[in-house]
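Student: This note's numbering applies: residue 1363 is where the sequence shown begins, and numbers increase by one.
All residues carry an ideal CB built from backbone N, CA and C; glycine is no exception.
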Amino acid sequence: MDTKKAGFNSKLIHAGGIEDALGSAVTPIYQTSTFRFKDADHGARCFSGEEKGYIYTRLGNPTIEDLENTLAELENGYGAVVTASGMAAVNTVYLAFLGAGSHMVSHNSVYGPSRGVMEKLYPNFGVESTYVDCTDPANIEKAIRSNSKLLYLETPANPTMGITDIAKAVEIAHQHGMLVCVDNTFCSPYIQKPLDLGADIVLHSMTKFINGHADIVGGCVVTRNKELYDKVAYVMKNVGFNMDPHQAWLTRRGLKTLSIRIERAQENARKVAAFLEKHPKIEWILYPGLESHPQYELAKKQMAGPGSMMSFGVKGGLKAGKTVMDNVHLALLAVSLGGIETLIQHPASMTHSKLSKEEREEAGITDGLVRLSVGIEDVEDIIADLDHALSLV
Ligand code: LCS
């Protein structure tokens, strides 16, 4: 079925465009490393690009392509590449668009390793970076230098839930000839479509909402046009960031239920956030669906819903937060997010522990911050679990 003009939910189920010869309802797992040519000339034509054909799984595979085609359609992009992890997607973008003498501007609170690798590894290759609070567009403008090539955003940011105005940031970056990449992991294309807001590149850790079942690690990069697609495809294929066909198949299966998973998790999250906001032992909470969120209006404008991620502080700081994390029973004390199960974790000692204390504090990742990814369980059970843990503080 041609799903180009179909609605989002129909795309989730039917997009991909790979049909197998036996008419299977679901694109099969082509668990093969290599593909047989009909004859030597056919092989040569496949390599020259004269004829479209599969050659070798790192360069292309029907199960992987089915997932890539679907992601490109969902994000309204030209094309997508999928990668072995979200970090492989992040590094695909860095390698494709940065090099010796170039400079990147980014938000100070992004996923820890996305910043860590840029500050630790990329200076070895002559790449510079500046991290500022991009929720204030004036800071982006101030950080731009004559050699700035890429504005790398993550919104809502992990784990501070800070929201950057994508359209405004794009306007500023494009005036300076920079490309804009948005890590859309916290939203998925069901909630936010950065390319529609003017961004050039969008990426995901598909480990999270896209797959949604906490059983694979994966990533993807989607681009606005062919020129950018060719650059990310070159890196993915030649650095060898490619995804395995079985992993791609599981991800494509998980993706089919994206809308209903997100709607349910979001409905639960609204209720959990309302519960936490009025709980006497909660000091503060940041959730884009609460009017108390500093960018509540922007979230309403830019996102189709507030999602299911939030962070909060318990009165009594880190010690009190640990009491909560150590006493939940339904929520898993585990990193990752965006799955069907509720997860709770402590960024300062876990996902963002490799940043310096100063970097964390400047970014708002305080020692007392607890991050919650609300799942699709019965909301009464999630609330009772948190209520019990909070009662022990
Ligand atoms: N981007 C964001 C926003 C992320 O949250 C993560 C992982 C990545 C990229 C990297 O993706 P991965 O390689 O893990 O698939 N975030 C994690 C987190 O917050 N807890 O555990 C992993």
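1) What distance in whole Å lies between the Cβ atoms of residue 1472 and residue 1453, which are believed to be in contact at a cut-off of 8 Å?
2) Which class does residue 1514 belong to by DSSP, given the choice of helix, strand or coil?
3) Mind checking whether the beta-carbon of residue 1545 lies closer than 7 Å to any heavy atom of the ligand LCS?
4) Take residue 1372 and list the residues in its own chain whose beta-carbon comes closer than 7 Å to its own, dropping the five residues that flank it on each side.
5) Compute the minimum distance between the beta carbon of residue 1548 and the heavy atoms of the ligand LCS, and state whether it is under 7 Å.
6) Since residue 1774 sits in a beta bridge, which residues does DSSP pair it with?
7) My output table needs one value for residue 1405: the three-state DSSP class, helix, strand or coil.
8) Does the beta carbon of residue 1473 fall short of 7 Å from some heavy atom of the ligand LCS?
9) Okay, do the segment 1702-1718 and the segment 1728-1741 touch, 3+ Cβ pairs below 8 Å being the bar?
10) Rounding to the nearest angstrom, what Cα-Cα distance links residue 1576 and residue 1618 in this structure?
11) Alpha carbon to alpha carbon, what distance is there between residue 1545 and residue 1466?
12) How should residue 1388 be labelled, buried or exposed, when 16 other C-beta atoms within 10 angstroms of its C-beta is the threshold for buried?
13) Quick check on residue 1386: buried or exposed, where buried means 16 or more other Cβ atoms within 10 Å of its Cβ?
14) Expressed to the nearest angstrom, what Euclidean distance is found between the alpha-carbon atoms of residue 1655 and residue 1398?
15) Nearest by alpha-carbon distance to residue 1477: which of 1461, 1463, 1494, 1488 is it?
16) How about residue 1610 and residue 1433: do their beta carbons lie closer than 8 Å?
17) Which class does residue 1755 belong to by DSSP, given the choice of helix, strand or coil?
18) Using only the alpha-carbon positions, how far apart do residue 1464 and residue 1679 sit?
19) I want to check one thing, is the minimum distance from the CB of residue 1713 to the heavy atoms of the ligand LCS below 7 Å?
20) Exposed or buried, which one is residue 1628 when buried takes at least 16 other CB atoms within 10 Å?
21) Looking at the secondary structure, which residues open and close the beta strand (DSSP E) in which residue 1567 lies?
22) Nearest by alpha-carbon distance to residue 1650: which of 1559, 1659, 1566 is it?
23) If I follow the unbroken alpha helix (DSSP H) through residue 1658, where does it start and stop?
24) Should residue 1450 be labelled buried (16 or more other beta-carbon atoms within 10 Å of its own) or exposed?
25) With residue 1558 as the anchor, note down where its alpha helix (DSSP H) starts and where it stops.
Tutor: To lay it out plainly:
1) About 14 Å; that fails the 8 Å criterion.
2) Three-state result, residue 1514: strand.
3) For the ligand LCS, at least one heavy atom lies less than 7 Å from the Cβ of residue 1545.
4) Only 1365 meet the Cβ criterion.
5) For the ligand LCS, at least one heavy atom lies less than 7 Å from the Cβ of residue 1548.
6) The question about residue 1774 has no answer here: the residues shown for the chain are numbered 1363 through 1755.
7) Note: residue 1405 maps to helix in three-state DSSP.
8) Result yes, Cβ under 7 Å from the ligand LCS.
9) Cβ pair count under 8 Å is three or more, so yes.
10) Roughly 15 Å between the two C-alpha positions.
11) In this structure, the CA atom of residue 1466 is about 15 Å from the CA atom of residue 1545.
12) By the 10 Å Cβ count, residue 1388 comes out exposed.
13) Answer is exposed; the Cβ neighbour count stays below 16.
14) About 56 Å.
15) Checked all of 1461, 1463, 1494, 1488; the closest Cα to residue 1477 is 1494.
16) Not in contact: residue 1610 and residue 1433 (Cβ atoms no closer than 8 Å).
17) Residue 1755 falls in the coil class under three-state DSSP.
18) Rounded to the nearest angstrom, the gap between the Cα atoms of residue 1464 and residue 1679 is 40 Å.
19) Flag set: Cβ of residue 1713 near the ligand LCS.
20) Burial call: buried.
21) Element bounds for residue 1567: 1563-1567.
22) Checked all of 1559, 1659, 1566; the closest Cα to residue 1650 is 1659.
23) From DSSP, the alpha helix (DSSP H) with residue 1658 extends over 1658-1664.
24) The C-beta of residue 1450 has 16 or more other C-beta atoms within 10 Å across all chains shown, which makes the residue buried.
25) Run containing residue 1558: none; DSSP gives neither H nor E here.
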